[in-house]
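Number of protein chains: 2
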Amino acid sequence: MSADEFEIIRSLFAPLATSAGARGLTDDAAILDGAGATVVTTDALVEGVHFLADDPLDTVAMKALRVNVSDLIGKGARPESALLTLVWPQSRPASEIALFADGLKRDLQLFGMTLLGGDTTSTPGPLTVSITAFGTPLGPRTPSRADAQIGDDVWLVGGEIGSAWMGLQLRTGRMALSELRRERDEEAALRDSRAMRDAMPDYLTLKGEDFDAEAAWLMTTYLAPFVRTEAAAIVSRYANASMDVSDGLVGDAAKLAAASGVAIKIEANAIPFSIPAERWAFSGGDFRKLITGGDDYVVLFTAPDAKREALLGMDLDHSLRLTRIGRVETGEGVAVLDRSGKPLPIEAESYCHKLGR
Amino acid sequence: MSADEFEIIRSLFAPLATSAGARGLTDDAAILDGAGATVVTTDALVEGVHFLADDPLDTVAMKALRVNVSDLIGKGARPESALLTLVWPQSRPASEIALFADGLKRDLQLFGMTLLGGDTTSTPGPLTVSITAFGTPLGPRTPSRADAQIGDDVWLVGGEIGSAWMGLQLRTGRMALSELRRERDEEAALRDSRAMRDAMPDYLTLKGEDFDAEAAWLMTTYLAPFVRTEAAAIVSRYANASMDVSDGLVGDAAKLAAASGVAIKIEANAIPFSIPAERWAFSGGDFRKLITGGDDYVVLFTAPDAKREALLGMDLDHSLRLTRIGRVETGEGVAVLDRSGKPLPIEAESYCHKLGR
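So the protein lines, in turn, are chains A and B.
With positions in the first sequence counted from 1, the corresponding number in this note's numbering is that position plus 1.
With positions in the second sequence counted from 1, the corresponding number in this note's numbering is that position plus 1.
Shown next as structure tokens:
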């Protein structure tokens, strides 16, 4: 479906969202009315749309949980529990569910969550995994997309931009390993990779090419994003507006700007990229793909500039990749600025057919 | 998937359900920890499994909500809000979502519920609708399946058994209208039907046969079950064990018996059937199909026999179809007894491929 069609859908369902906690269906999560302080979010993954048919089922389970955990982090909430709806293809052996359950189990333990219930049914169609996740806000406020203030700094926290997009390209063969190795010390790359190869599962090796450690890392990022629950405390304490970046930095920043009625200016050279992504972009790759590609699952938030020093103190070792990338101004839309402050020509894009990009 | 496969799945996921509120994944709903008194349930419908591709989309939305409302009623809870995950086929025009939204809207109003949020995504497969519903318990207890006591009466409340199964047979052409009209005053049937025909939507008419009022009523029951939220108060006040009947009376009673570690004896002649179902069974139809068929969405509960009079007083006009159908004894399993008290030969059946039966 196109972005327009999704807007039509929102307009059809929004009038049914009559409680304050539903936030008019414009936010990434809802506040459960009459249930104390509980944040709830739901996201579904469909085989062939959000993941590939041959993605390993443990990472599919992990991704299904993490995209929801990412929403909770973006609202400054600690993940607590989840409901799982597993729509299982009639053509897949039920025995494969064990691998799925294994991945889910590891991740529930990782995040300190419990499985609360769910539903399992069969389908003549693709594997579909719908998870509803519940969290507890770490502070009195649950920041929405709509609370950005003029003069706020714009921040990212929790990871780098574009790595998952590169991982998907590598995994689908749309990006060749040679593209990744451009401008790179061939010898060192091979040495690094040989040391890691044996420890890697088969699905992280590229078909017909040598194993590459960086490619494996990028593909891992695509398969199961590294969401950081520690970032929730930062969001809860400092964010005015906040949301997770799932459909591409530029498109999601545009959503936040629209919801808040502001303009967002992002400095291109401040955006945190991974080392292979940066090298790829500098050696001829189109960096705009990195910032519109999606699947990043990091948090985008705004905070008063008076909090800048305090914020930087929250991630002194930069393990959470807390990075100030821009500012909130009057106006509308998103601009990505080059070193001289000129807007780069970028279409704000956000896709729903995720694997189609 | 077979019942065995579902048991395997349960055994894989049950260890992940570490909170008390999850009830070891053995119940129809969970209690949301740390969220005050909130009951949560989730059920998904898949095109070609739980509904037909040409079922009208407003009734698909209604059914998707009602199967969840039915779970809440079975736990003695008042429905409050819902999350909707709509997995929309790439091949269906997005414009059809308006009809879906229309049905959902009417039903949310009917039940006094609000839409809290959700997710919409596309799929190369069949339409899949997953709803998570939240409710408030009407009393201090949320009865589970496991609380039946020896000596309890067994009750049904909220509707009749087998009507939805007959509606599905009629709608799919597996049952001919002539079967329904056996032993029936042909003249009166035609007269009744002519009077109703013009008021009925097209999808309730049988292909190649005359419109029939009873058939239309049965098909309506299949398309969107008549769940009765008033029954929640009865469950909350009187039930020891309780669950909704969705996969056939006998199979679901067997689940309740197993969870409680008891035997359930049901008197066949006490089971509430609709008039057309009763006539069909008496004129040669196999009444065992009615009690194993499914899609009834009524509530099965047990209550102390000392409460029998008080319970009957809760439904003096029988509008809630509150009916005592049996008793809880020591032992295990379910037996359906004939007028002389002898067990009828019935396999306890419960299907997951719902339309396959």
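We put the beta carbon where it would ideally sit given N, CA and C, even for glycine.
Asked: 7 Å Cβ cutoff, K106 of chain A in contact with chain B; Found: yes
Asked: Proximity below 7 Å, CB of A242 of chain B to CB of R146 of chain B; Found: yes
Asked: Cross-chain neighbours of G119 of chain A in chain B, by beta carbon under 8 Å; Found: F14, L26 and T43
Asked: Cβ-based neighbour list, D56 of chain A, same chain, cut-off 7 Å, excluding 5 preceding and 5 following; Found: L224
Asked: G209 of chain B to R172 of chain B span [Cα, whole Å]; Found: Any answer about G209 of chain B is weak, because its pLDDT of 49 lies below 50 and its placement is not dependable; what the coordinates show is given next. Answer to the nearest angstrom: the Cα atoms are 12 Å apart.
Asked: Cα-Cα separation between E8 of chain B and P94 of chain A, rounded to whole angstroms; Found: 15 Å
Asked: Residue from A:L219, A:P344, A:G262 and A:T143 with nearest C-alpha to Q170 of chain A; Found: A:L219
Asked: Boundaries of the beta strand (DSSP E) in which K106 of chain B is found, first to last residue; Found: No beta strand (DSSP E) contains K106 of chain B, which is instead part of the alpha helix (DSSP H) from I98 to F112.
Asked: Simplified DSSP state of P57 of chain A, which is helix, strand or coil; Found: coil
Asked: Cutoff 7 Å: G252 of chain B Cβ touching any chain A Cβ; Found: no
Asked: Positions along the region 275–307 of chain A whose CB lies within less than 7 Å of some CB in chain B; Found: none
Asked: C-beta neighbour in chain A for V47 of chain B, strict 7 Å; Found: yes
Asked: Within the region 217–292 of chain B, ranges of the alpha helix (DSSP H) (whole runs, at least 4 residues); Found: 232–239, 250–261 and 276–283
Asked: CB contact check: T143 of chain A to chain B, cutoff 7 Å; Found: no
Asked: Exposure label - I132 of chain B; buried when at least 16 CB within 10 Å; Found: buried
Asked: I276 of chain A, buried or exposed, once every other Cβ within 10 Å from all chains shown has been counted against 16; Found: exposed
Asked: Exposed unless 16 or more other CB atoms sit within 10 angstroms - verdict on G285 of chain B; Found: exposed
Asked: Proximal chain A residues relative to T10 of chain B, where beta-carbon distance stays under 9 Å; Found: Reading off the sequence shown, one finds Ile at residue 10 of chain B, where the question assumed Thr. Under the 9 Å cutoff, chain A gives L87, W89, A95, I98, A102 and T121.
Asked: Cross-chain neighbours of S20 of chain B in chain A, by beta carbon under 8 Å; Found: S82, T115 and L117
Asked: S164 of chain B to A278 of chain B span [Cα, whole Å]; Found: 6 Å
Asked: Alpha helix (DSSP H) runs contained entirely in the region 48–95 of chain A, provided each spans 4 or more residues; Found: 58–75
Asked: CA nearest to the CA of I235 of chain B, picked from B:E268, B:L100 and B:T143; Found: B:T143
Asked: Reference T60 of chain B; option with closest CA among B:T221, B:D148, B:G22 and B:P80; Found: B:T221
Asked: Alpha helix (DSSP H) segment containing R172 of chain A, residue limits; Found: S164 to R172
Asked: Residue burial classification, V161 of chain B (beta-carbon count within 10 angstroms, cutoff 16); Found: The sequence as given places Glu at residue 161 of chain B; Val does not occur at that position. Per the 10 Å Cβ criterion, buried.
Asked: With 16 other Cβ atoms within 10 Å as the buried cut-off, status of H319 of chain A; Found: exposed
Asked: Host beta strand (DSSP E) of S179 of chain B (start-end); Found: Here S179 of chain B belongs to no beta strand (DSSP E); instead the alpha helix (DSSP H) covers L178 to R182.
Asked: Cβ pair V329 of chain B, V263 of chain B closer than 7 Å; Found: yes
Asked: Residues of its chain near Q91 of chain A, where Cβ-Cβ distance is below 8 Å and the 5 sequence neighbours each way are ignored; Found: S123, T124 and P125
Asked: Rounded straight-line distance, which links the Cα of I10 of chain B to that of A259 of chain A; Found: 43 Å
Asked: Interface residues of chain B facing F7 of chain A [CB-CB closer than 8 Å]; Found: T121
Asked: Contact list for L66 of chain B against chain A, beta-carbon separation under 8 Å; Found: None at all; the shortest Cβ gap to chain A is about 11 Å.
Asked: Sequence-distant residues of its chain with Cβ nearer than 7 Å to R238 of chain B (five each side left out); Found: G140
Asked: Identified DSSP bridge partners for I32 of chain A; Found: A:V40
Asked: Residues of the region 156–180 of chain B whose Cβ lies closer than 9 Å to any Cβ of chain A, in chain order; Found: none
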